[in-house]
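Just below is one structure, and these are the notes that go with it.
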Amino acid sequence: MFNVTRLDAPPVPPPNLVDAHGDFRAFAAPQLLGLLERLGLVSGGTWNAAAEDVLWRLTVARKLVDFSSNARFLEAARLCAETLPIQTRQEIEGLMAVSDTDLADHIARAKAAREKTAREFGPNARLGPIPSEDQAKRAVEWLRKEDINRLFCQKWRINDGWLSGTAVKAALGLFNDPLAQAIRQSVLKTLWPDAKAFHT
Numbered sequence: 398m399f400n401v402t403r404l405d406a407p408p409v410p411p412p413n414l415v416d417a418h419g420d421f422r423a424f425a426a427p428q429l430l431g432l433l434e435r436l437g438l439v440s441g442g443t444w445n446a447a448a449e450d451v452l453w454r455l456t457v458a459r460k461l462v463d464f465s466s467n468a469r470f471l472e473a474a475r476l477c478a479e480t481l482p483i484q485t486r487q488e489i490e491g492l493m494a495v496s497d498t499d500l501a502d503h504i505a506r507a508k509a510a511r512e513k514t515a516r517e518f519g520p521n522a523r524l525g526p527i528p529s530e531d532q533a534k535r536a537v538e539w540l541r542k543e544d545i546n547r548l549f550c551q552k553w554r555i556n557d558g559w560l561s562g563t564a565v566k567a568a569l570g571l572f573n574d575p576l577a578q579a580i581r582q583s584v585l586k587t588l589w590p591d592a593k594a595f596h597t
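In my numbering, the protein residues as written are 398 to 597.
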């Protein structure tokens, strides 16, 4: 990704928007500032909590924050780990437990898919290899990691922490949320330091 800038471009104005923690500084032209205020995202030159939810996600997705030194992120990750609900912890542990049966099932599904493709397309079929146990283990772990990501995306918010059952149902559904994934990585490293396959 790159930016194109005019050689004679005027200097960028200083920020006129900031959040309470100083993480998200921005300049908004007066007409945009008015629109942001009417939308309820800004008041008095400060981003509000609803705007910060979006800003955090954009910042994480674009890797604009160094989490190893961001106090707010580190505090959110600490609280997330400390307040992890028992039922959610059990779900995560169940997903991280990859058994020999899980591997055999994955290999069997790959074989069945290969046989189906061979039947449908005959000699012209492009057939991939059947995964080894090690490949199956990596594939199952990756799929389970995505399931754990979904748990964090559905049940956790930076401003609210872990959502209750009714709040989970009422919350806006998030898919592939980079902030929740970053918190998931931090929490799993803290609570399950030996489960390295689930740390990335």
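Beta carbons are placed, not taken as given, at the ideal position from N, Cα and C, and that holds for glycine. Since this is a predicted model, take the numbers as computed values, not measurements.
For residue i, the first and last residue of its enclosing alpha helix (DSSP H)
{"i": "Ser466", "result": "Run containing Ser466: none; DSSP gives neither H nor E here."}
{"i": "Trp539", "result": "530–552"}
{"i": "Lys513", "result": "497–518"}
{"i": "Ile527", "result": "Taken as a continuous stretch (DSSP letters only), Ile527 belongs to no alpha helix (DSSP H), as it is neither H nor E."}
{"i": "Leu585", "result": "575–588"}
{"i": "Arg435", "result": "427–435"}
Close Cβ partners of residue i (< 7 Å) along its chain, the five nearest in sequence each way excluded
{"i": "Leu438", "result": "Trp444, Asn445, Ala447, Ala448"}
{"i": "Phe572", "result": "Cys550"}
Proximal residues to residue i (C-beta, below 8 Å), its chain only, five neighbours per side dropped
{"i": "Thr485", "result": "Leu548, Lys552, Trp559"}
{"i": "Arg640", "result": "Nothing can be reported for residue 640: it is not among the residues displayed for the chain, which extend from 398 to 597."}
Short Cβ contact (8 Å threshold) for residue i with residue j
{"i": "Leu500", "j": "Val537", "result": "yes"}
{"i": "Met493", "j": "Arg554", "result": "no"}
{"i": "Pro575", "j": "Arg403", "result": "no"}
{"i": "Ile527", "j": "Ile489", "result": "no"}
{"i": "Ala426", "j": "Pro412", "result": "no"}
{"i": "Ile504", "j": "Ala533", "result": "yes"}
{"i": "Gly441", "j": "Val415", "result": "no"}
Assigned exposure category for residue i - 16 Cβ within 10 Å defines buried
{"i": "Ser583", "result": "buried"}
{"i": "Ala577", "result": "buried"}
{"i": "Arg581", "result": "buried"}
{"i": "Phe518", "result": "exposed"}
{"i": "Leu432", "result": "exposed"}
Nearest-angstrom Cα separation, counted from residue j out to residue i
{"i": "Lys593", "j": "Arg535", "result": "12 Å"}
{"i": "Ala473", "j": "Lys566", "result": "22 Å"}
{"i": "Arg511", "j": "Leu588", "result": "39 Å"}
{"i": "Asn467", "j": "Leu481", "result": "21 Å"}
{"i": "Lys513", "j": "Gly525", "result": "12 Å"}
{"i": "Phe421", "j": "Ala478", "result": "25 Å"}
{"i": "Ala497", "j": "Asp531", "result": "Sequence check: residue 497 is Asp here, not Ala. Rounded to the nearest angstrom, the two C-alpha atoms are 11 Å apart."}
Spatial neighbours of residue i in its chain, beta-carbon cut-off 6 Å, leaving aside the 5 residues before and after
{"i": "Ala579", "result": "Val457"}
{"i": "Pro410", "result": "Phe424"}
{"i": "Met557", "result": "According to the sequence shown, residue 557 is Asp rather than Met. If we look at Asp557 and ignore the five residues flanking it on each side, it has no Cβ neighbours."}
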